[in-house]
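For the sequence shown, the numbering used here assigns the number 3 to the initial residue and increments by one for each residue that follows. Idealized CB from N, CA, C, for every residue including glycine. Please read the structure below before turning to the comments.
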Amino acid sequence: MSVRTQQYITYLSHIAKASSPSQYPKMAEEGVPGGDAPTPVEHLNIKVTDNNNEVFFKIKRSTQLKKLMDAFCERQGKQLSTVRFLFDGTRVRPEDTPDTLEMADGDTLEVHQEQIGG
3 MSVRTQQYIT YLSHIAKASS PSQYPKMAEE GVPGGDAPTP VEHLNIKVTD
53 NNNEVFFKIK RSTQLKKLMD AFCERQGKQL STVRFLFDGT RVRPEDTPDT
103 LEMADGDTLE VHQEQIGG
């Protein structure tokens, strides 16, 4: 066995000792960590962008996005009826919530000017 191979084996044994299984949470049968599951974050930071601006909002998961949409339009001097909000390419309805859209912290809503016709 070469010296290099011996060093590699020694290296691997140190890694194995450093990452003992007791450091990792035990998994339940379904692949979910056992014990108490962490509670989901109550608030999300959502970025809202149009062509010229980025505005950040902190919103509860259960709050209807109409509140965020109205606030964005008020700050930008736009009417809600003249813009469209999209999340992952899908139009956002005012009654949607971050939970119903399965949004995560840091996600982005895009704002586009309403277009009539093709």
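Within 10 Å of its beta-carbon, does residue i have 16 or more other beta-carbons around it, so buried, or fewer, so exposed?
i	result
residue 100	buried
residue 117	exposed
Tell me which residues share the same chain as residue i and place their Cβ nearer than 8 Å to its Cβ, disregarding the 5 neighbours each side in the sequence.
i	result
residue 70	48, 50, 59, 61 and 111
residue 91	none
residue 55	78
Which residues in the same chain have their Cβ closer than 6 Å to the Cβ of residue i, if we skip the five residues on either side of it in sequence?
i	result
residue 67	94 and 98
residue 89	103 and 111
residue 52	113
residue 75	82
Cutting at 7 Å between CB atoms, please list the residues of its own chain near residue i, excluding the five before and the five after it.
i	result
residue 31	Since pLDDT at residue 31 reaches only 49, below the 50 mark, its modelled position is unreliable, and the value read off the structure follows with that caveat. If we look at residue 31 and ignore the five residues flanking it on each side, it has no Cβ neighbours.
residue 57	50, 74 and 77
residue 64	99 and 101
residue 44	62 and 63
residue 115	84 and 85
residue 96	66, 67, 68 and 71
residue 80	none
Which whole runs of the alpha helix (DSSP H) in the segment 40-120 are 4 residues long or more, in chain order? 67-78
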